[in-house]
Amino acid sequence: HPKNSTSSDLLNYVYVNNSYNVLIKDCNSEKTGSGGFTSGIIAEYCPTNGVVIADNNISYVTTGISLLQSSEYIGRNTITGSTNSGTGIYLDNSNGTIEYNTVNNFQKSVYGSYSSPYMLKNTLSNAYVKNIDLASNSYPVMKPVVSGSTLRWLGGNNTISGNPSNSGIAFADCYPLMDSGYNKITVNGSDYMNGNFTFAYTTVNAKINYWYDNPPQSSLFDISGGNVNYSDPFDGSTLPSTDGTELNSLGWGMYDTVFTKSFGDNSTPEDLFMQAYTEEMSANYADAVTHYKEVVSSYKTSSYAPVSLSRIFNCLEKSQASSSDYQTIQTYYNSIKSNSVYPNESRELAEDFVIKSKVKQGNVEDAANDYNTIYQSNQNNSKGMHALLNKLCLENMIQGDNSSGSYNYENHKMDILSLVTGEDIKSSNYSNNNTPKQFRLLQNYPNPFNPVTNIKYEIPKDVNVSIKIYDILGREVFSLSEYKQAGSYEVQFDGTNFASGMYFYMLEADGFADTKKMVLLK
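Numbering (the working numbering), first residue to last: 27 to 548.
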């Protein structure tokens with residue numbers, strides 16, 4: 027039963043990067059003074075089901091669990107924020123399972139971007155702003171799924187309570203799948219749902235859920251460009267009976283138990299989706315991919331289509347697919363992305379999985395450039411935030427691969443957590459045991475570049491630092507001189523007003539000097 031203890035401000039309990047076969051279980055935290063943690067657990071670019079986070083007590087945190095491009099199992103955790111602090115569970119392109127967790131005392135209990143996890147029997151309480159906040163093509167499954175003659179409790183029966191200032195559930199151009207979900211939404215003094223749709227008028231089906239008042243007030247469903255069907259409310263206690271179980275292995279002798287109920291046939295898009303899901307859970311990944319693709323092609327406007335697009339990629343990760351397999355799936359996602367017969371949410375998800383496929387093929391720089399392009403065009407919306415977050419993750423991956431020795435991830439974690447929490451982590455006083463051991467100038471990124479590139483450097487002590495850039499003729503085109511404390515830093519160079527060609531950039535500090543080449547290509 028590991029225990030994290032702190033009397034000063036620390037960045038995180040556990041940080042997992044590009045790793046698998048990781049079990050984080052039965053961990054607790056404590057603090058002996060006024061200190062705390064910016065984040066509890068961070069998993070970044072880990073394969074599907076590579077990390078299991080279960081039975082932990084995560085407290086004294088700004089953000090509880092952050093999954094970035096990682097579709098993992100999060101179960102039976104108690105996650106408690108500092109008063110009115112960040113987010114309990116932060117998801118970016120995460121499509122795993124979130125069940126039986128208690129999340130309380132955050133600004134937002136759950137935030138999802140490009141994420142469609144299964145959410146079952148979670149208790150989300152005392153959110154200060156929103157219990158659930160969904161953006162950029164997120165469709166969490168918050169309902170049992172019916173397939174043919176079987177109902178499976180993959181999601182649903184979540185409890186959402188408290189007095190948030192905005193709403194219990196908020197969304198933009200996406201929505202939770204919670205029709206016949208048996209969820210209990212008992213927020214008071216705010217909207218039950220608050221959302222907007224900009225591409226097409228949309229009805230959010232939310233029948234058979236429990237609301238604070240019965241019947242619920244229509245004014246508490248504030249939807250621009252759509253509406254909510256909240257008829258046939260759930261009484262809050264009488265759940266459908268179950269008569270069976272299915273066990274899905276999590277590894278380490280642990281299983282996720284799915285409760286089931288058998289009854290008469292009821293053929294719907296859910297039927298095909300559940301056929302694919304059953305094959306996925308049985309490790310028949312090729313068949314699962316085939317049937318998930320059928321959902322996407324045969325039921326284009328179904329709410330299961332975007333979820334299926336995500337599960338296809340999960341299947342490839344679970345099967346440890348080859349580079350050629352990812353090249354093939356990249357072509358498939360490209361065909362969705364460029365075909366206007368598919369809804370906007372499917373095309374945007376496909377765009378993101380094209381980039382993820384490039385990463386799996388080792389084309390990390392291309393993928394980072396793609397995210398940078400998206401970010402430059404979407405700097406004031408959730409899509410831009412998603413792109414920037416992933417751009418930083420991939421740049422870190424590139425710098426880590428290019429490092430000759432131990433790579434300092436601390437600066438990267440601060441960048442990531444600043445985006446996740448919305449706070450300027452670097453300007454805060456956090457304990458840092460990873461001060462660089464030597465002066466170092468890193469290769470600029472991207473390179474070649476047009477027109478902006480980033481130059482990173484590390485200094486082991488407080489010194490005056492000089493960065494200069496010269497053109498091929500030796501003329502100085504950029505100069506920066508400033509006093510810096512020991513740490514890792516980044517300087518941005520904008521070549522908009524300069525000609526294409528080779529440039530040289532130099533770092534000078536305390537007798538140390540190093541020069542590297544870079545290419546501006548317009």
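By construction, the Cβ of each residue, glycine as well, lies at the ideal position given by its N, Cα and C atoms.
Who pairs with residue i in a beta bridge, going by DSSP?
i      : result
Thr176 : Ser173, Ser288
Lys51  : Ala80
Leu273 : Thr283
Asn130 : Thr106, Ser151
Ala539 : Glu534
Tyr236 : Lys210
Tyr227 : DSSP, once it has assigned bridges, lists no residue as partnering Tyr227.
Quick one: give me the first and last residue of the alpha helix (DSSP H) that residue i is part of.
i      : result
Glu296 : 295-307
Met336 : The amino acid at residue 336 is misidentified as Met; the sequence shows Ser. That run of the alpha helix (DSSP H) goes 330-344.
Leu93  : No alpha helix (DSSP H) contains Leu93, which is instead part of the beta strand (DSSP E) from 83-94.
Leu468 : Unbroken run through Leu468: none, as it is neither H nor E.
Glu534 : Not the alpha helix (DSSP H): Glu534 falls in the beta strand (DSSP E), residues 527-535.
Gln402 : 390-403
Ser217 : A quick correction: the sequence has Asp, not Ser, at residue 217. Unbroken run through Asp217 is the beta strand (DSSP E), 217-222; no alpha helix (DSSP H).
Tyr509 : Careful: Tyr509 lies outside any alpha helix (DSSP H), inside the beta strand (DSSP E) at 502-510.
Gln353 : 349-363
Asn523 : Per DSSP, Asn523 belongs to no alpha helix (DSSP H) and is neither H nor E.
Asp381 : For the sequence presented, residue 381 should be read as Ile rather than Asp. Per DSSP, Ile381 belongs to the alpha helix (DSSP H) from 370-386.
Ala312 : 311-324
For residue i versus residue j, is the C-beta spacing smaller than 8 Å?
i      : j      : result
Tyr227 : Gly251 : yes
Ser334 : Tyr358 : no
Asn119 : Ser141 : yes
Ile355 : Ser383 : yes
Ala525 : Met532 : no
Val213 : Ser187 : yes
Ala535 : Ser492 : yes
Leu117 : Met168 : no
Asn407 : Val380 : no
Asn231 : Asn184 : no
Val478 : Gln518 : yes
Tyr397 : Leu420 : yes
Asn103 : Ala80  : yes
Thr447 : Thr109 : no
Gly181 : Met145 : yes
Would you mind working out which of the options sits nearest residue i, comparing C-alpha positions?
i      : options                        : result
Lys471 : Leu506, Lys417, Gln346         : Just to set this straight, residue 471 is Tyr in the shown sequence, not Lys. Checked all of Leu506, Lys417, Gln346; the closest Cα to Tyr471 is Lys417.
Gln425 : Pro241, Ile481, Thr89, Ala512  : Ile481
Phe223 : Ala393, Ser162, Asp536         : Ser162
Gly513 : Ile249, Met440, Thr128, Asn523 : Met440
Pro462 : Thr149, Ala347, Glu484, Leu468 : Glu484
Arg337 : Gly527, Val40, Ala376          : Ala376
Glu125 : Thr283, Leu93, Asn437          : Thr283
Val136 : Gly181, Ser173, Ile195, Ile84  : Ile195
Gln469 : Asn422, His412, Thr104, Leu203 : Asn422
Trp278 : Gln353, Val48, Ala232          : Val48
Ser275 : Asn148, Gly76, Tyr39           : Gly76
Glu14  : Asp52, Gln511, Ser92, Cys53    : Nothing can be reported for residue 14, as the shown portion of the chain is limited to 27 through 548.
Asp297 : Leu177, Asp520, Gln353         : Leu177
Leu445 : Asn437, Asn473, Leu414         : Leu414
Asn192 : Gly207, Ser324, Pro166, Asn220 : Asn220
Gln511 : Ser323, Ser111, Asn490, Asn437 : Asn490
Leu273 : Ile362, Val367, Ser257, Thr286 : Thr286
Would you give the residue range spanned by the beta strand (DSSP E) that residue i belongs to?
i      : result
Ala161 : 156-161
Leu146 : 144-146
Asp258 : Premise fails: Asp258 is in no beta strand (DSSP E) and is neither H nor E.
Please go through the same chain and pick out, in chain order, the residues whose beta-carbon is closer than 7 Å to the beta-carbon of residue i, but skip the five residues on each side of it.
i      : result
Cys72  : Val42, Asn44, Ser45, Tyr46, Ser96, Glu98
Lys543 : Met528, Phe530
Gly431 : Reliability fails at Gly431, whose pLDDT of 39 lies under 50, so the model's placement of it is uncertain and the value that follows must be treated cautiously. Closer than 7 Å at the Cβ level, and outside the excluded window around Gly431, lies no residue.
Ser164 : Gly138, Ser139, Tyr140, Ser141, Ser142, Cys200
Asp392 : Lys384
Closer than 6 Å by C-beta to residue i: which residues in its own chain qualify, once you throw out the five before and the five after it? Chain order, please.
i      : result
Cys341 : Glu306, Tyr311, Ala314, Val315
Asn131 : Thr106, Gly107, Asn152
Phe225 : Asn370
Ser328 : Pro295
Gly122 : Ser97, Glu98, Tyr99, Pro143
Asn476 : Leu547, Lys548
Phe299 : Val321, Tyr330
Tyr496 : Glu502, Phe530
Tyr74  : The amino acid at residue 74 is misidentified as Tyr; the sequence shows Thr. Ser97, Asn340, Glu343, Lys344, listed in sequence order.
Arg466 : Glu484
His27  : Reliability fails at His27, whose pLDDT of 48 lies under 50, so the model's placement of it is uncertain and the value that follows must be treated cautiously. Answer for His27: Asp52, listed in chain order.
Thr541 : Phe530, Met532
Ser349 : Gln387
Given residue i, which residues of its chain have a CB within under 8 Å of its CB, disregarding the five upstream and five downstream residues?
i      : result
Gly262 : Lys210, Tyr236
Gly537 : none
Gln464 : Glu484, Pro486
Is residue i near the ligand ZN, with its Cβ less than 7 Å from a heavy atom?
i      : result
Ser349 : The model on display carries no ligand, and the ligand ZN is accordingly not part of it.
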